[in-house]
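Working notes, beginning with the structure itself.
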Ligand code: NDP
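Residue numbers (the UniProt record's numbering): 11 to 370.
Put into structure tokens, the structure is as follows:
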């Protein structure tokens, strides 16, 4: 059983050498009377929050830290090989927390969701139909309190969460603008040919073009090319922003505050630009909160999992009717998972970063 383990704690930007692939000799099997599951992992999700789990824990335990030498765990899609749990049987598919390895013993199956609808790509359950989709759905509809016709701005908009927030907002009847970094990508460090093939395809799919032409955003700009973010936002939103869906933090948040409308709402989903800095950047335009009566709220998706059935009921038909599309960046092979994960922090991914462990 191949596994990816944390080699040493991450400080600053994560590197692929902070993780390593090893061969485990331990024979995984369900113990007599256990209510766990033995699963074969198919697809793994790369998520920015995983970086926090790789850092020496002196921060509040928002997520449980990995230890050097221990297995990396994260969200994924898996097939049940053996089950001691009444809700799952051999052959079932599920998504939830699993290991970055070929086979995993899941000891808390109640945290996993059984996959009932398989007439969509299974990898979607790492993103669109899993935690990522729920993040976009709960963040937009529950936290942003949108109204038809409002103006919405999304940062890291072509990413896993952002592309969905934009499409939900468009379907809801909002005016939607996104920012993304569209610098061409350098994949020289990636080892295998299949990864390179995916990468070359992605180079041509510039992120800003995706926003406008694939996801149907009303407008978009490249945040790496705009020297003056305030001017770019004023150009896109001459009347101001009602809703900001925050994925990056730092300078972008500071600039957005200048363009927020009266009674605007900001959903703090993530602040990826700050995750690897020793000192977070200061925010200078805070008085706008008072003058414009802005409401800002952070959220964590797991608080909203009770909405999952309602979410599926809404989104599955939208996928079938072609109203929601989804772009994934697929990396083949568990051995390439560390490189795929760290690519999130330089914007190397185009869309949801997925790792294929096995196709069946
Ligand atoms: P993405 O697919 O959007 O990948 C991350 C993207 O962030 C990159 O592609 C890049 O896009 C951008 N980025 C990376 N580094 C920087 C930087 N230094 N400055 C500005 N942008 C940067 O990831 P997700 O969609 O999975 O996650 C998006 C955000 O949502 C993250 O902040 C994540 O932590 C958060 N999140 C929060 C959850 C919650 O429960 N609150 C749940 C899931 C995610 P580009 O090239 O366009 O700049």
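Just so it is clear, CB atoms sit at the ideal spot from N, CA and C, and this is done for glycine as well. As the structure is a prediction and not an experimental result, all values here were calculated from the model.
Check                                                                                                                                                                              : Outcome
Grab the span of the alpha helix (DSSP H) containing residue 128 for me, first residue to last.                                                                                    : Looking at the DSSP string, residue 128 is not in any alpha helix (DSSP H), and its letter there is neither H nor E.
What's the call for residue 227, buried or exposed, on a 16-neighbour Cβ count within 10 Å?                                                                                        : buried
Under a three-way DSSP split, which group does residue 197 fall into?                                                                                                              : Low confidence applies here, because residue 197 scores a pLDDT of 38, under 50, leaving its location unreliable and the question unanswered by this model.
So what's residue 108 in DSSP terms, helix, strand or just coil?                                                                                                                   : strand
Does DSSP put residue 178 in a helix, in a strand, or in coil?                                                                                                                     : helix
Would you list the residues sitting across from residue 299 in a DSSP beta bridge?                                                                                                 : Residue 299 pairs with nothing; no bridge assigned.
I need the DSSP call for residue 187, collapsed to helix, strand or coil.                                                                                                          : strand
Decide if the segment 344 to 357 is in contact with the segment 150 to 157; the criterion is three or more beta carbon pairs, one per stretch, under 8 Å apart.                    : no
Evaluate residue 289 with the Cβ neighbour count: other Cβ atoms within 10 Å of its Cβ, from every protein chain shown; 16 or more gives buried, anything less gives exposed.      : exposed
Keeping to the same chain, check which residues put their C-beta closer than 7 Å to that of residue 215; ignore five residues upstream and five downstream.                        : Annotation note: pLDDT 44 at residue 215 (below 50); position unreliable, no value reported.
If you follow the alpha helix (DSSP H) that residue 328 is in, where does it begin and where does it stop?                                                                         : 318 to 330
Check the DSSP bridge columns for residue 340 and list the partner residues they point to.                                                                                         : 364
Between the segment 156 to 165 and the segment 242 to 257, can you find at least three pairs of beta-carbon atoms closer than 8 Å?                                                 : yes
Take residue 21 as the anchor and find which of 68, 13 and 223 has the nearest alpha-carbon.                                                                                       : 68
Beta-carbon within less than 8 Å of residue 299's beta-carbon, same chain only, minus the 5 sequence neighbours each way: which residues are those?                                : 267 and 306
CB of residue 163 to nearest heavy atom of the ligand NDP: below 7 Å?                                                                                                              : no
Should the segment 168 to 184 be regarded as contacting the segment 121 to 132, the criterion being three or more beta carbon pairs within less than 8 Å?                          : no
Excluding five sequence neighbours on each side, which residues of the same chain lie with their C-beta closer than 6 Å to the C-beta of residue 192?                              : 216, 217, 218 and 232
For residue 352, which three-state DSSP category applies?                                                                                                                          : helix
Is residue 309 near the ligand NDP, with its Cβ less than 7 Å from a heavy atom?                                                                                                   : yes
Can you give me the C-alpha to C-alpha distance between residue 82 and residue 18, rounded to a whole angstrom?                                                                    : 12 Å
Over the uninterrupted beta strand (DSSP E) stretch that includes residue 161, give me the two end residues.                                                                       : 161 to 164
What are the boundary residues of the beta strand (DSSP E) that residue 62 is part of?                                                                                             : Per DSSP, residue 62 belongs to no beta strand (DSSP E); it is in the alpha helix (DSSP H), 60 to 63.
Leaving aside the five residues before and after residue 38 along the sequence, list all residues of the same chain whose C-beta is less than 8 Å from its C-beta, in chain order. : 11, 48, 113, 114 and 115
For residue 43, count neighbouring Cβ atoms within 10 angstroms of its own Cβ and tell me buried if that reaches 16, exposed if not.                                               : exposed
Enumerate in chain order the residues of its own chain whose CB-to-CB distance from residue 85 is below 8 Å, with the five nearest sequence positions on each side excluded.       : 54, 55, 57, 105, 106, 107, 108, 136, 140 and 141
Look at the Cβ atom of residue 178, then the Cβ atom of residue 146, and state whether they are nearer than 8 Å.                                                                   : yes
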